[in-house]
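Peer 1:
Protein chains in written order, with the numbering used here: chain A, 1 to 114; chain B, 1001 to 1112.
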């Protein structure tokens, strides 16, 4: 089975500062990786995905993530955050073979302060 | 693309009552998923349909839970004899084959 670990449950940061949200995964098979964002009382929205190709993927709202196979990581970064980025962020993984079940981490709450 | 729609948004019920939630996926999506999310946790997989066939169920889905997707369109999730531990956000998501999941806004269940 696959699993996802998001070590930081909360990340406080000041507006316009850079941020990195960490995600590590474990899997015995090849996987695809995703980051989703959840605003209060809403469902999850896809930020970006890694399927193949370049290990640096760019997503919406200025976010990017880098896939590191040797470290089994997929950390999310943004060079300059805005108040509107305050939300909860979830890393997810699914098997490349059949893409039929997504495993999510426990989430990281990003709190952007003015 | 009208998005994934879930109804109701909120449901408060008394312990022991039955509840049913509905999910309308994006129209051309053939896969439909139910997840459960409790406070401070990520979504946990419950079950998955490809068209009308229920292909996988989590061990989290006890006998009190049942899901259907008649004709491969909308889906319902029923919980019988609700317990306080069933209080959670129930999320529905859909996808087209191997595309990423598109989530609805969820149904928040509170069992009193």
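Note that the Cβ used here is the ideal one computed from N, Cα and C, for glycine as well.
(1) Can you check which of these residues, 52/A, 108/A, 114/A, is closest to residue 36/A by C-alpha distance?
(2) Among the candidates 69/A, 43/A, 9/A, 4/A, whose CA atom is the shortest distance from the CA of residue 54/A?
(3) In chain A, which residues lie with their C-beta within 9 angstroms of the C-beta of residue 1025/B?
(4) Would the beta-carbon of residue 13/A fall within 9 angstroms of that of residue 93/A?
(5) Is DSSP giving residue 61/A helix, strand or coil here?
(6) Is the separation between the beta-carbon of residue 1067/B and that of residue 1080/B shorter than 9 angstroms?
(7) For a contact defined as C-beta to C-beta under 9 angstroms, what are the partners of residue 1041/B on chain A?
(8) Which of the three DSSP states, helix, strand or coil, is assigned to residue 1024/B?
(9) If the cut-off is 8 angstroms on Cβ atoms, which residues from the stretch 1064-1091 of chain B count as contacting chain A, listed in chain order?
(10) What is the residue span of the beta strand (DSSP E) that residue 1057/B lies within?
(11) Mind checking if residue 36/A is an interface residue toward chain B, Cβ cutoff 9 angstroms exclusive?
(12) Start and end of the beta strand (DSSP E) containing residue 83/A?
(13) Give the DSSP-derived three-state secondary structure of residue 101/A in the structure shown.
(14) Mind reading off the beta-carbon distance from residue 1102/B to residue 1019/B? Whole number of angstroms is fine, and I expect it under 8 angstroms.
(15) Could you say if the stretch 1015-1033 of chain B and the stretch 1078-1095 of chain B meet the contact criterion of at least three C-beta pairs nearer than 8 angstroms?
(16) Run through chain A and tell me which residues come within less than 7 angstroms of residue 1098/B, C-beta to C-beta.
(17) Considering only the alpha carbon of each residue, which of 1037/B, 1023/B, 1026/B lies closest to residue 1110/B?
Peer 2: Let me lay it out:
(1) One-based indexing of the first chain puts residue 36/A at position 36. When only C-alpha atoms are compared, the closest one is 108/A.
(2) In the first chain, residue 54/A corresponds to position 54, counting from 1. Cα-wise, what sits closest to residue 54/A is 69/A.
(3) Taking the second chain and counting its residues from 1, the one referred to as residue 1025/B is at position 25. Residues of chain A passing the Cβ test: none, with the nearest at roughly 12 angstroms.
(4) Here residue 13/A is taken as the residue at index 13 of the first chain, counted from 1. Here residue 93/A is taken as the residue at index 93 of the first chain, counted from 1. Cβ distance not < 9 angstroms, so residue 13/A and residue 93/A don't count as in contact.
(5) On the first chain, residue 61/A is found 61 positions in, with the first residue counted as 1. Note: residue 61/A maps to helix in three-state DSSP.
(6) As a first step, residue 1067/B must be located in the second chain, where it is residue number 67. As a first step, residue 1080/B must be located in the second chain, where it is residue number 80. Cβ atoms of residue 1067/B and residue 1080/B: not closer than 9 angstroms.
(7) As a position in the second chain, residue 1041/B is number 41, starting the count at 1. Near residue 1041/B (Cβ distances below 9 angstroms), the residues of chain A are 104, 106, 107.
(8) Numbered from 1 along the second chain, position 24 holds the residue referred to as residue 1024/B. Correct three-state label for residue 1024/B: strand.
(9) 1091
(10) Stepping through the second chain from its first residue, residue 1057/B is reached at position 57. Taken as a continuous stretch (DSSP letters only), the beta strand (DSSP E) holding residue 1057/B covers 1053-1057.
(11) Locating residue 36/A in the first chain gives position 36, counting from the first residue. Taking Cβ atoms only, chain B reaches closer than 9 angstroms to residue 36/A, which makes this a yes.
(12) Taking the first residue of the first chain as position 1, residue 83/A is located at position 83. Note, residue 83/A: premise wrong, no beta strand (DSSP E); not H, not E.
(13) Position 101 of the first chain holds residue 101/A. Coil at residue 101/A, not helix or strand.
(14) Numbered from 1 along the second chain, position 102 holds the residue referred to as residue 1102/B. Numbered from 1 along the second chain, position 19 holds the residue referred to as residue 1019/B. With 8 angstroms as the limit, residue 1102/B and residue 1019/B do not qualify as a contact, their Cβ atoms being about 24 angstroms apart.
(15) yes
(16) Working through the second chain from its first residue, we reach residue 1098/B at position 98. Residues of chain A passing the Cβ test: 99.
(17) Residue 1110/B sits at position 110 when you count from the first residue of the second chain. Of the listed residues, the one whose Cα sits closest to residue 1110/B is 1037/B.
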